[in-house]
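Q: One structure is given below, represented as structure tokens, and several questions about it will come after.
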Amino acid sequence: GNEQLWKPLNLAVLEACSHKRTEVRKAGISCLLSIIDTIGEEYMVLLPECLPVLSELLEDEEEIAGMAKECVRQSEELLGESLEESLR
Numbered sequence: 074g075n076e077q078l079w080k081p082l083n084l085a086v087l088e089a090c091s092h093k094r095t096e097v098r099k100a101g102i103s104c105l106l107s108i109i110d111t112i113g114e115e116y117m118v119l120l121p122e123c124l125p126v127l128s129e130l131l132e133d134e135e136e137i138a139g140m141a142k143e144c145v146r147q148s149e150e151l152l153g154e155s156l157e158e159s160l161r
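Below, the structure written as structure tokens:
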């Protein structure tokens, strides 16, 4: 519940999502999904820095792209609007 810790944690997770090793990217996006699920609507303040990483992940191999789509879906649900334009 400490907002001051969210940003460094989010940045570390996003770094993992951009890692060259597939296993690390999978772990990173799994963490990202968990954070979005746990923090919920309050996570939306961190969403802008996630969008470029999510955009890249959507073009990754099938399993990772599917996990990225789930992140986008959860974020859109919390935000109440589509992120399609922001992900281009």
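For the sequence shown, the working numbering assigns the number 74 to the initial residue and increments by one for each residue that follows. No residue lacks a Cβ here, since even glycine has one placed at the ideal position from N, Cα and C.
Let me check understanding here. Comparing Cα to Cα, which of Glu149, Gln77, Ile102, Met117 lies closest to Glu129?
A: Ile102
Q: Tell me whether Glu157 sits in a helix, a strand or coil according to DSSP, three-state version.
A: coil
Q: Within a Cβ cutoff of 8 Å, which residues of the same chain sit near Met117, ignoring the five residues on either side of it in sequence?
A: Ser148, Leu151, Leu152
Q: Count the other C-beta atoms from every protein chain shown that fall within 10 angstroms of the C-beta of Arg146, then say buried if there are 16 or more, exposed otherwise.
A: exposed
Q: Please report how far the alpha carbon of Leu160 lies from the alpha carbon of Lys142, in whole angstroms.
A: 11 Å
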